[in-house]
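Here is the structure we will look at.
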Amino acid sequence: MIDVSGLRKVYQDRGRRVEALKGVDLHVREGEIFGVLGQSGAGKSTLLRCVNLLERPTSGTVSVAGQELTALGEAELRRARQRIGMIHQHFALLSSRTVAGNVAFPLEVMGVGRAERSARVAELLELVGLADKAGAYPAQLSGGQKQRVGIARALAGRPSVLLSDEATSALDPGTTQSILALLKSLNRELGLTILLITHEMHVVKGICDSVAVMRDGLIEESGGITELIARPGSRLAAELFPLPAPEAGAVTITFTGRADEPVVSEVVRKFDVDVSILGGALEEVAGVSAGRLRVRITGDERDAALGYLAARDLLVEVAP
Amino acid sequence: MTWEEMSPLLWEATGQTALMVLWSTLFTVLLGLPLGVALVVTDRGGLLPSRLLNRVLGLIVNVGRSLPFIVLMIAVIPLTRLIVGTTIGTFAAVVPLTLGAAPFFARLVETALREVGRDTVQAAQAMGAGRWTIIGRVLLPEARSGLVAGLTVTVVALISYSAMAGVIGGGGLGDLAIRYGYQRFETTLMIVTVVVLIVIVQLVQTLGDVIARRLARH
């Protein structure tokens, strides 16, 4: 649905040269929620703004819904953008317009007639649960309500893709959850493909199907979220399950979707080893439980025990 | 001077001031608003960046603002003759008043438009809005409270400038104060004129504040 390849963005500012994107490839499948996770300054915001060409990439191509945006002229690009929704961290609503007026704005841009516009606005406000706020001004709304208006506005042109620029970063935890739930349900019910950028792990954990971890203008790793966690040396797993630096010889076992299997007691029963638990973390990720357990395994049959664990399809990493 | 003698003079002068200020306000907006918009959109990172155009417009505005009004009034006499056909009288004063106030208003428009958040403009771009749509439906409406406040300040400045219009026979309250109050030692008339000016400025400012505040409430 979204294909980005070889994307580079270099800013020249008074002789200073900043390379915000250093060759980024990104493939977002239709109907999935794809999260780009990274600290501020990692380049994720630039990446997102390159997807609808708010920023012109220095080189590389961007295609959305089969259309290569980087090849379009200005008028065509404007039309293509009408089919790509975007929501913003600070909502970016028009303070001089009512809620209904804000949602109507993209329809005006598209040249939709007045009668159809007001019908569509009512429908959209119903969808985001703000039907009773049509006449209110943004200043009278809470942050969560403002973002709902932003979402309704972004959906006005019936987009196939929604871009989310830190949409929940300015919201409190409870409101964040309700906005994420709304995005998830739009994804499920409308088949909306969502590309979101965030610096918050719980956003990725909560709603993303796939994730890319960004750092210093490059994507460090990307893929399906459960698949990524099970990959050796995964940064995502390290951030998701924060454990202290391992002592020499410590064993870290990562499991996805099988948190209830009694692997530790099995190992102790089958092999002549002692297992002591050093640390662990369990998270609900993409609808399944995943976790990481750090143990010390001692005894004569240590190697056989490690082999048994690895054969059980668990990711077993031994600290040097 | 008795009240009966002063009254017609005051009425006439107030009428002339009102005429000068109203017409020059109209032309100031027609000239200064596009100029202010142009200053913002041609700037670096604007909707239509053009370093050259931005520099030129900035220079014009600064030249206009650096001339003392009394000098400007004399300097533009040839232009006034070209536009109005005469260089003296109330209407002739509208030309220098407009030229004096438009650059000032343009700067205030620029400031008001810059208050509109960058992300608001980018959100409109992301929705596929073109430049003119963004100027007409995002920038100007979002800045309307600041624009009204700027216009109020400009009208007050115009009232003050118009007091100098006596130099080119424009008449008005300032002219009355100088000719009668100062040159003929009619202290009472001087005081009354000053009071009338204060009341007018007060009314304009209050009205402007009320409108600006009402627009800013949302």
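Respectively, the protein sequence lines represent chains A and B.
Everything in the first sequence is counted per the UniProt record's numbering, starting at 1 for the first residue and increasing by one.
Everything in the second sequence is counted per the UniProt record's numbering, starting at 1 for the first residue and increasing by one.
All C-beta atoms, glycine included, are put in the ideal place defined by N, C-alpha and C.
(request) State the DSSP-derived secondary structure class of A/His90, mapped to helix, strand or coil. (result) coil
(request) On a CA-only basis, which of A/Ile229, A/Ser222, A/Val316 is nearest A/Val24? Give me that one, please. (result) A/Ser222
(request) May I have the straight-line CA-CA distance separating A/Leu171 from A/His90, to the nearest angstrom? (result) 9 Å
(request) Pick helix, strand or coil for A/Arg78, following the three-state DSSP scheme. (result) helix
(message) Taking a contact to mean a Cβ-Cβ separation below 8 Å, would you say B/Val63 touches B/Leu99 in this structure?
(response) no
(request) Would you please state the rounded distance, in angstroms, between the beta carbons of A/Lys9 and A/Glu55? I believe it to be under 8 Å. (result) 6 Å
(request) Mind checking who B/Ser145 pairs with in its DSSP beta bridge? (result) Answer by DSSP bridge pairing: none, since B/Ser145 is not bridged.
(message) Give me, in chain order, the residues of the same chain whose beta-carbon lies closer than 8 Å to that of A/Gly299; leave out the 5 immediate sequence neighbours on both sides.
(response) Phe271, Asp272, Val273, Asp274, Ala305
(message) Taking the beta strand (DSSP E) that A/His27 belongs to, which residues open and close that run?
(response) 16–28
(request) Kindly indicate which three-state DSSP category A/Glu220 falls into: helix, strand or coil? (result) strand
(request) Could you say if the region 37–55 of chain A and the region 193–200 of chain A meet the contact criterion of at least three C-beta pairs nearer than 8 Å? (result) yes
(message) Between A/Val161 and chain B, is the shortest Cβ-Cβ distance under 8 Å, so that the two count as touching?
(response) no
(request) Might you give, ordered along the chain, the residues of its own chain that have their beta carbon closer than 7 Å to the beta carbon of A/Gly144, omitting 5 neighbours on each side? (result) Leu171, Thr175, Ser178, Ile179
(request) Use the C-beta contact count for B/Thr187: other C-beta atoms within 10 angstroms, 16 or more gives buried, fewer gives exposed. (result) exposed
(request) Quick one: residues in its chain with C-beta nearer than 7 Å to the C-beta of A/Ser154, no 5 flanking neighbours on either side, listed in chain order? (result) Sequence inspection shows Ala at residue 154 of chain A; the Ser mentioned does not correspond to that position. Same-chain partners within the cutoff: Gly85, Met86, Ile87, Leu162.
(message) Excluding the 5 residues flanking B/Gly46 on each side, which residues of the same chain have their C-beta closer than 7 Å to its C-beta?
(response) Val40
(request) Would you mind giving the Cβ-Cβ distance between B/Leu215 and B/Arg144, rounded to the nearest angstrom? I have them listed as a contact below 8 Å. (result) About 5 Å separates the beta carbon of B/Leu215 from that of B/Arg144, a gap short enough to meet the 8 Å contact definition.
(message) By the 9 Å beta-carbon criterion, what residues does the region 174–191 of chain B contribute toward chain A?
(response) none
(request) Using the DSSP secondary-structure output, state which residues sit across from A/Ala290 in a beta bridge. (result) A/Thr256, A/Glu283
(message) Tell me which residue opens and which closes the alpha helix (DSSP H) that B/Val174 is part of.
(response) The question names Val, but residue 174 of chain B is Gly in the sequence shown. B/Gly174 -> alpha helix (DSSP H) spans 173–176.
(message) Can you check whether the C-beta of B/Met127 is within less than 8 Å of a C-beta belonging to chain A?
(response) Closer than 8 Å to some Cβ of chain A, the Cβ of B/Met127 qualifies, so yes.
(request) My understanding is that B/Arg107 touches B/Val37, with C-beta atoms under 8 Å, so please give their C-beta distance in whole angstroms. (result) Between B/Val37 and B/Arg107 the Cβ distance is about 12 Å, and since that is not below 8 Å, they are no contact.
(request) Using a Cβ cut-off of 8 Å (strictly closer), state whether B/Val56 contacts chain A. (result) no
(request) Buried or exposed for A/Gly157, please, with buried defined as at least 16 other CB atoms from any protein chain shown within 10 angstroms of its CB. (result) buried
(message) Looking at chain B, is there any beta carbon in it that lies within less than 8 Å of the beta carbon of A/Met86?
(response) yes
(request) Only counting runs of 4 or more residues, tell me where the alpha helix (DSSP H) segments fall wholly within the region 133–186 of chain A, in order along the chain. (result) 143–155
(request) Determine the contact status of A/Ala290 and A/Ile253, defining contact as a CB-CB distance below 8 Å. (result) no
(request) Note the first and the last residue of the continuous alpha helix (DSSP H) segment covering B/Glu12. (result) 3–41
(request) Could you have a look at A/Leu37 and say whether DSSP puts it in helix, strand or coil? (result) strand
(message) Assuming contact is defined by CB atoms lying nearer than 8 Å, are A/Leu127 and A/Val103 in contact in what I supplied?
(response) no
(request) Taking A/Val109 as the query, report the chain B residues whose CB atoms sit under 9 Å from its CB, ordered along the chain. (result) Result: Ala124, Met127, Gly128, Ala129, Gly130, Thr133, Arg137.
(message) So with CB distances below 9 Å, who are the chain B contacts of A/Ser178?
(response) Here the premise fails: no neighbours, minimum Cβ distance about 22 Å.
(request) Between the Cα of B/Asp175 and those of B/Thr90, B/Asp209, B/Ala149, B/Thr154, spot the shortest distance and give me the residue it belongs to. (result) B/Thr90
(request) Tell whether a beta-carbon distance below 8 Å holds between A/Val2 and A/Val64. (result) Contrary to the premise, residue 2 of chain A reads as Ile rather than Val in this sequence. Cβ distance < 8 Å, so A/Ile2 and A/Val64 count as in contact.
(message) Does A/Gly111 come out as helix, strand or coil in the three-state DSSP assignment?
(response) Coil.
(message) Tell me which residues share the same chain as B/Met1 and place their Cβ nearer than 7 Å to its Cβ, disregarding the 5 neighbours each side in the sequence.
(response) Glu186, Thr188, Leu189
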